Structures are given as structure tokens and as C-alpha cells.
Amino acid sequence: MSKTITSKIELNVELDENRVPEKLHWSAQDGGVANEEAKAVMLSVWDSKAQETLKIDLWTKDMPVDEMKLFFHQTLVTMSDTFLRATQDEKMTATMKDFCDYFAEKLELKK
-4 MSKTITSKIE LNVELDENRV PEKLHWSAQD GGVANEEAKA VMLSVWDSKA
46 QETLKIDLWT KDMPVDEMKL FFHQTLVTMS DTFLRATQDE KMTATMKDFC
96 DYFAEKLELK K
């Protein structure tokens, strides 16, 4: 019988009196990350029973809009890469990458 291993990823959110995130910190011991500060986090969890995605999207109130635009663009690009690894669907991945380029162009992110 093979031994199972448990890995823990932890998010800590400091809220103001209106429950708006002021600080975000995350740790992932297996990845060598200990209480690192972040300005935003997007977490998706698949609920197989309900056949739906559960989401947590948080950002601190001091997250600059220009950084949020970059964060979204980089997240979309990464999702395209993940989609390819998960499905091997090269045609749809190319379509997703085209959208990422369009997104960056419209937000004037590309130099």
C-alpha cells in the first residue's frame, strides 16, 4: 500500500471594519512559501456533485488598477496553458491565446 502525503496551502486575510481585505498572506510549505504578502488571489474549486465552480476572488483595497489588469492578463494566459495541459485541445488553446493577446492590446499592456 502506498503512503499518502498531505500538503497544505494556507491563505490569511486581514479585514477592515467593513470586511474589506486590507492584507493577504499565503503559505505553501511544500513550495517553500511562508507567510508571503499578496495583493490579490483567485481560487477556483470544482464541485463535482453540483457540477459547478466555487470561487473566491479577493484583492486588497490598495491593489493598483494597473496591477489588477496585469494580474488578470497573466491569469488568463496561465489558464490557457493549464487548459492545454488538461485537455490537449490545441485549437481552443490557440483561440484562448488570441483572446489574451486581444485583452492585452485593448488594455495597452503589451509594449
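Counted from 1, the sequence shown has number 93 at position 98 by the numbering used here; the numbering is strictly sequential.
We put the CB at the ideal spot given by N, CA and C, even for glycine.
All values derive from a computational prediction rather than experimental measurement.
Can you tell which of E17, M91, M87 has its C-alpha closest to the C-alpha of E32?
The residue you call residue 32 lines up with position 37 of the sequence shown. Among E17, M91, M87, the Cα nearest to that of E32 is on E17.
Comparing C-alpha positions only, which one of V60, A89, E9 sits nearest to M74?
Translated into the one-based positions of the sequence shown, residue 74 becomes position 79. When each option's Cα is compared against that of M74, the closest is A89.
Output needed for L6: all residues of its chain with C-beta closer than 6 Å, excluding positions within five of it in sequence on either side, in chain order.
Walking along the sequence shown from the start, residue 6 turns up at place 11. Same-chain partners within the cutoff: W21.
Going by C-alpha to C-alpha distance, which of D57, D76, L104 sits closest to K64?
Counted from its first residue, the sequence shown places residue 64 at position 69. That would be L104, whose Cα lies nearest to the Cα of K64.
Rounded to whole angstroms, what is the Cα-Cα separation between G27 and T1?
Translated into the one-based positions of the sequence shown, residue 27 becomes position 32. Translated into the one-based positions of the sequence shown, residue 1 becomes position 6. Their Cα atoms are separated by approximately 15 Å.
Under 7 Å Cβ to Cβ from S43, same chain only, skipping five residues before and after it: list those, please.
Position 48 of the sequence shown, counted from the start, is the residue given in the question as residue 43. If we look at S43 and ignore the five residues flanking it on each side, it has no Cβ neighbours.
Is the CB-CB distance between V40 and L53 below 8 Å?
As a position in the sequence shown, residue 40 is number 45, starting the count at 1. As a position in the sequence shown, residue 53 is number 58, starting the count at 1. It is not a contact, given that the beta carbons lie outside the stated cut-off.
Along the chain, where does the beta strand (DSSP E) containing V15 start, and where does it finish?
Here residue 15 corresponds to residue number 20 of the sequence shown, with the count starting at 1. Element bounds for V15: n/a, residue is neither H nor E.
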